[in-house]
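Structure record follows, encoded as structure tokens.
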Amino acid sequence: MGIVDNIKLIREEIPQNVKLIAVSKTKPVEDILEVYNSGHKVFGENKPQELRDKETVMPKDIEWHFIGHLQTNKVKYIAPFVSLIHGVDSLKVLSEINKQAIRNERVIDCLIQIDIAHEETKFGLFEDQARELLNSDVFFSMKNVRICGVMGIGSITDDLNKTRREFKELKTTFHKLKEEFFLKEDSFSEVSMGMSSDYSLAIEEGSTMVRIGSSIFGERDYLK
Ligand SMILES: *Cc1c(COP(=O)(O)O)cnc(C)c1O
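Residue 0 is where the sequence shown starts when you use numbering that gives the first Met the number 0, and the numbers rise one by one after that.
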């Protein structure tokens, strides 16, 4: 089966109101174009320069999502065009996103990454740290970023109950933050969770956006 068949099957499988982000990191523009020409226009990347380079050569009506860990000094590469930054995990990076958004005369939508897996290799804030960020004067003064929800990455494990618990935790955190900070803001509505190995579970637990790479494009080759 080709990549277009793969994405069609996944699109049919997931509910209409769940947004599908086709994660094209490490994959060539030819593959992305094939998916694009089949009618899908939402893609995710996790390296700022790679994303910038692909954006330059690809059709302009693509919605590009940045899904990985973002370093402060690299925000500038994606600020002119990115439609959603999934992995905001510090006030420092959010300040830089705000600064680059001002420079580009736009508002940049962001999700706060919550640490649900509690593994050392994963990024993200604990719920209290997210609360602290949202309560800060520095955040209050930012006019060019809009927080649209939360994002989380489940543990790499065969224990589906563990993953389910993590997704439940993220959904609960979303509801609490909504209640405390965004009750009047309809735009705070997204829970980005679920990848190739666990998206069905994530949808059962209330995901609004799934980020799927290898089940669409095939396994990634990091050695090239
Ligand atoms: C790579 C990546 C994905 C997609 O992973 P697959 O297992 O290939 O579906 C999703 N989210 C993030 C943050 C990623 O880095």
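Cβ atoms here follow ideal geometry from the backbone N, Cα and C, with glycine treated the same way. Values in this document were obtained by computation on a predicted structure and should not be read as measured data.
Original post:
How do the stretch 153 to 173 and the stretch 196 to 214 stand: do at least 3 beta-carbon pairs fall below 8 angstroms, yes or no?
Top reply: yes
Original post:
Where do the ends of the beta strand (DSSP E) carrying V41 lie?
Top reply: In the sequence shown, counting from the first residue as 1, residue 41 sits at position 42. Annotation for V41: the continuous beta strand (DSSP E) segment containing it runs 41 to 44.
**OP:** May I ask you to check if the CB of N45 is nearer than 6 angstroms to at least one heavy atom of ligand 1?
**Re:** Mapped onto the sequence shown, residue 45 falls at position 46. Correct: N45 has its Cβ closer than 6 angstroms to ligand 1.
Original post:
Around the Cβ of T172, are there at least 16 other Cβ atoms within 10 angstroms (buried) or fewer (exposed)?
Top reply: Position 173 of the sequence shown, counted from the start, is the residue given in the question as residue 172. The residue is buried, with at least 16 neighbouring Cβ atoms inside 10 Å.
Original post:
Quick one: what's S140 bridged to in DSSP?
Top reply: Reading the sequence shown from its first residue, position 141 is the one you call residue 140. Per DSSP, none; premise fails for S140.
**OP:** Check the C-beta distance from L50 over to I77 and give it rounded, since I have them as a contact under 8 angstroms.
**Re:** Numbered from 1 along the sequence shown, position 51 holds the residue referred to as residue 50. Numbered from 1 along the sequence shown, position 78 holds the residue referred to as residue 77. Going by Cβ atoms, the distance from L50 to I77 rounds to 6 angstroms, so yes, they are a contact pair.
Subject >> Contact under 7 angstroms by Cβ, V149 with V190 >> reply: Against the sequence shown, residue 149 aligns to sequence position 150. Against the sequence shown, residue 190 aligns to sequence position 191. In this structure, V190 lies closer than 7 angstroms to V149 by Cβ.
**OP:** Work out the CA separation of K18 and S186 for me, nearest whole Å.
**Re:** Stepping through the sequence shown from its first residue, residue 186 is reached at position 187. Stepping through the sequence shown from its first residue, residue 18 is reached at position 19. Approximately 15 angstroms, taken between the alpha carbons.
**OP:** Could I get the ranges of all uninterrupted alpha helix (DSSP H) runs contained in the stretch 16 to 83, with 4 residues as the minimum, in chain order?
**Re:** 28 to 36, 47 to 56, 74 to 77
Subject >> Backbone CA spacing between K40 and K170 [nearest angstrom] >> reply: What you label residue 40 is simply residue 41 of the sequence shown in a count that begins at 1. What you label residue 170 is simply residue 171 of the sequence shown in a count that begins at 1. Taking the CA atoms as reference points, K40 sits about 26 angstroms from K170.
Subject >> Beta-carbon proximity list for S154, same chain, < 7 angstroms, skipping 5 on both sides >> reply: Residue 154 sits at position 155 when you count from the first residue of the sequence shown. Here the set comprises A116, E118, K161, T162, E165.
Subject >> Validate contact between the stretch 22 to 31 and the stretch 95 to 115 using beta carbons, cut 8 angstroms, 3 pairs >> reply: Output reads no: the stretch 95 to 115 does not touch the stretch 22 to 31.
Subject >> T154 Cβ short of 6 angstroms to ligand 1 heavy atom set >> reply: Here the question's residue 154 lines up with position 155 in the sequence shown. Reading the sequence as shown, one finds Ser at residue 154 and not Thr. Remark: the C-beta of S154 is outside contact range of ligand 1, defined as less than 6 angstroms to any heavy atom.
Original post:
Between E44 and S23, which are expected to be in contact by the criterion C-beta below 8 angstroms, what is the C-beta distance as a whole number of angstroms?
Top reply: Here residue 44 refers to the residue found at position 45 when the sequence shown is read from its first residue. Here residue 23 refers to the residue found at position 24 when the sequence shown is read from its first residue. Between S23 and E44 the Cβ distance is about 6 angstroms, and since that is below 8 angstroms, they are a contact.
Subject >> Candidates K183, G123, S188: closest to L69 by CA position >> reply: On the sequence shown, position 70 is the one that residue 69 refers to. For the residues K183, G123, S188, the minimum Cα distance to L69 belongs to G123.
**OP:** Please specify which runs of the alpha helix (DSSP H), each continuous and at least 4 residues long, are wholly inside the stretch 111 to 161, giving them in chain order.
**Re:** 126 to 134, 136 to 139
Original post:
What separation, rounded to the nearest whole angstrom, lies between the Cα atoms of I215 and D136?
Top reply: As a first step, residue 215 is located in the sequence shown; it is residue number 216 there, counting from the start. As a first step, residue 136 is located in the sequence shown; it is residue number 137 there, counting from the start. Spanning the two alpha carbons is a distance of roughly 42 angstroms.
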